[in-house]
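*Asks:*
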Amino acid sequence: MTHEIAATPEGNLAVAMAQFDASQLAHQTLSTTAMAQNKETLFVAMRAAGISEIIVTFDGAGDSGQVEDIDARRGETVVPIPDTAITLAQVSWGISEISTSSMSLSDAVETLAYDLLSDSHGGWENCDGAFGAFHFDAEAGTILLDYNERFTSSEQFNHSF
């Protein structure tokens, strides 16, 4: 009887961990698919609007952070972001299908920036925080994150004289 009790929690834990790993893999696969779709949708909309690059700056510290600015550019010239609606693919934990949501081009860029930021640097807005910029380049089909993390440093010295 004692042997069964000792083995059951380990067996249940192994099953639970295997289920979690499978769920995590399925979620990551869906997220990768959704991001590829979203990049293509975004870059097509940017090119159709004559926008070569969108730069999103962000800043945060304490326990809050936000997008500071969204600038669209045609070459070196800053241009307004048109009120074009696009549809983004979205993934939610525990849901095995990709859903969609329509929003303005500006909102889509902001949504993608927040999603990418939380995926790559979760908690970026906490403690001393972080700041940086996303560069959505329609011509190259790339998204570049320039990320700067703040931290408090302490140095300790001990002297005996």
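For the sequence shown, the residue numbers in the UniProt record's numbering are 1 to 161.
Built from N, CA and C at the ideal position, the CB exists for glycine as well.
If you're wondering where the values come from, they're calculated on a predicted model, not measured in any experiment.
Classify M17 as buried or exposed, calling it buried when 16 or more other Cβ atoms lie within 10 Å of its own Cβ.
*Replies:* exposed
*Asks:* Given a cut-off of 9 Å on the beta-carbon distance, is the pair N148 and D63 in contact?
*Replies:* No; because the gap between Cβ atoms is not below 9 Å, this pair is not in contact.
*Asks:* Taking the alpha carbon of F43 as the point to measure from, which residue in L13, Q90 and L112 has its own alpha carbon closest?
*Replies:* When C-alpha distances from F43 are compared across L13, Q90 and L112, the shortest belongs to L112.
*Asks:* Based on the DSSP output, what are the partners of M103 in its beta bridges?
*Replies:* I86
*Asks:* Ordered along the chain, which non-local residues of its own chain (more than five positions away) have a Cβ less than 6 Å from that of S154?
*Replies:* none
*Asks:* Three or more C-beta pairs under 8 Å: does that hold for the segment 95 to 107 against the segment 125 to 142?
*Replies:* no
*Asks:* Are three or more beta carbon pairs between the segment 38 to 52 and the segment 73 to 81 nearer than 8 Å?
*Replies:* yes
*Asks:* Give the single residue among F131, A130 and L145 whose Cα lies nearest to the Cα of I137.
*Replies:* Strictly speaking, residue 137 in this sequence is Asp, with Ile absent from that position. Considering only alpha carbons, the answer is L145.
*Asks:* In the structure shown, what three-state DSSP assignment does V67 receive?
*Replies:* DSSP places V67 in strand when its eight states are reduced to three.
*Asks:* Quick one: is F58 buried, meaning 16 or more other Cβ sit within 10 Å of its Cβ, or exposed?
*Replies:* Per the 10 Å Cβ criterion, buried.
*Asks:* What would DSSP say about E97, mapped onto helix, strand or coil?
*Replies:* coil
*Asks:* Classify E76 as helix, strand or coil using the three-state DSSP reduction.
*Replies:* E76: coil per DSSP, three-state reduction.
*Asks:* Are there 16 or more other CB atoms within 10 angstroms of the CB of L30, so buried, or fewer, so exposed?
*Replies:* buried
*Asks:* By DSSP, does H27 sit in helix, in strand, or in coil?
*Replies:* helix
*Asks:* Strictly by DSSP, which residues pair up with A130?
*Replies:* Paired residues: G60 and E149.
*Asks:* Compute the beta-carbon to beta-carbon distance between Q90 and I81, rounded to the nearest angstrom, for a pair I have assumed lies under 8 Å.
*Replies:* With a beta-carbon spacing of about 21 Å, Q90 and I81 fall beyond the 8 Å limit used to define contacts.
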